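The structure appears right after this line, and notes come after that.
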Amino acid sequence: GAGVSQSPSNKVTEKGKDVELRCDPISGHTALYWYRQRLGQGLEFLIYFQGNSAPDKSGLPSDRFSAERTGESVSTLTIQRTQQEDSAVYLCASSLYSGSGADTQYFGPGTRLTVL
Amino acid sequence: QKEVEQNSGPLSVPEGAIASLNCTYSDRVSQSFFWYRQYSGKSPELIMSIYSNGDKEDGRFTAQLNKASQYVSLLIRDSQPSDSATYLCAVKRASKIIFGSGTRLSIRP
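Chain order of the listed sequences is G and A. Mapping of the first sequence onto the working numbering: residues -9 to 106, in sequence order. Mapping of the second sequence onto the working numbering: residues 75 to 183, in sequence order.
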């Protein structure tokens, strides 16, 4: 079946502009995560959505970052007034929520954001 | 102290040998533990998950978990050049899955 998809695959923007990144999770997956990965670094947790529960936004680095999710489908990550330090690959992952902790995440291909 | 710590490497292992990757975590209430492989320029892919103390084997891969020592490891037997990648340790605590910064593994022919 279809995996997690993300768009755009690459985004180049100018400092100060707003960008919107999209994630389409695997159908039926109730959990959705956003991560940021800077060059040569590990994955930095940003935000987690689970069903209709309030999202865990504790990883968002500043109020310039926000994310929305429509039900159990598409999610968008918005970065306002982009800065050069926002340049990174933004990865989305989805999983079935088992409640037992045994949740395998499936990652999308990522969006490479470059802020000039 | 980072929540999930890994040696960044690079770890160089001869082909056919055993590669041993280690990870420590800080939060004792962590529930589940994962090893992901990430090739350069690609997304992470799950190799192993482990939830209970002890060993879990899957083909050439063995994950080991010691909750008392807050330590999880991954052994790769009969290492192949295709195993050359960055290996990410991840730990689930409540709703979050926290990743280490990864260990770069290089298998030399």
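All C-beta atoms in this analysis are idealised placements derived from N, C-alpha and C, irrespective of residue type, glycine included. Predicted, not measured: the structure shown is a model, and the values here were computed from it.
Candidates G/Thr94, G/Thr68, G/Asp46, G/Val9: which alpha carbon is nearest G/Ser85's? G/Thr94
So that I know if they touch, is there some Cβ in chain G lying closer than 7 Å to that of A/Pro88? no
Beta-bridge partners of A/Ile124, as assigned by DSSP: Beta bridge pairing from DSSP links A/Ile124 with A/Phe107.
Rounded separation between G/Ala(-8) and G/Ile16 - CA only: 7 Å
Might you give, ordered along the chain, the residues of its own chain that have their beta carbon closer than 6 Å to the beta carbon of A/Lys166, omitting 5 neighbours on each side? Gln105, Ser106
Could you check the C-alpha separation between G/Tyr25 and G/Asp14 for me, to the nearest Å? 15 Å
Cβ of G/Phe97 within 7 Å of Cβ of A/Pro118? yes
Please go through the same chain and pick out, in chain order, the residues whose beta-carbon is closer than 7 Å to the beta-carbon of A/Asp152, but skip the five residues on each side of it. Gly90, Arg134
Compare the C-beta of G/Gly18 against all C-beta atoms of chain A and say whether one is closer than 7 Å. no
Listed by chain order, chain B residues near A/Phe173 by CB distance under 7 Å: Looking for chain B here will not work: the only protein chains present are G and A.
Could you tell me the alpha carbon to alpha carbon distance between G/Leu103 and G/Asp76, rounded to whole angstroms? Distance from the CA atom of G/Leu103 to the CA atom of G/Asp76, rounded to whole angstroms, is 8 Å.
Of all Cβ atoms in chain A, is any one closer than 7 Å to the Cβ of G/Tyr80? no
In the structure shown, what three-state DSSP assignment does A/Asp101 receive? coil
Check the Cβ-Cβ distances between A/Pro118 and every residue of chain G, and say whether any is below 7 Å. yes
Tell me, please, whether the CB atom of A/Ser147 is closer than 7 Å to any CB atom in chain G? Chain G places no beta carbon closer than 7 Å to that of A/Ser147, leaving this residue out of the contacts.
Out of curiosity, what's the CA-to-CA distance linking A/Leu139 and A/Glu79? 15 Å
Out of A/Gln144, A/Tyr145, A/Met122, point me to the one whose CA is closest to A/Thr136's CA. A/Met122
Pick from G/Ala44, G/Thr72, G/Ser65 that is closest to G/Val107, judged by C-alpha positions: Given a span of -9 to 106 for chain G in the structure shown, any question on residue 107 of chain G remains unanswerable.
Going by the beta-carbon positions, is the gap between A/Ser100 and A/Glu77 smaller than 7 Å? A contact, by the Cβ cut-off of 7 Å.
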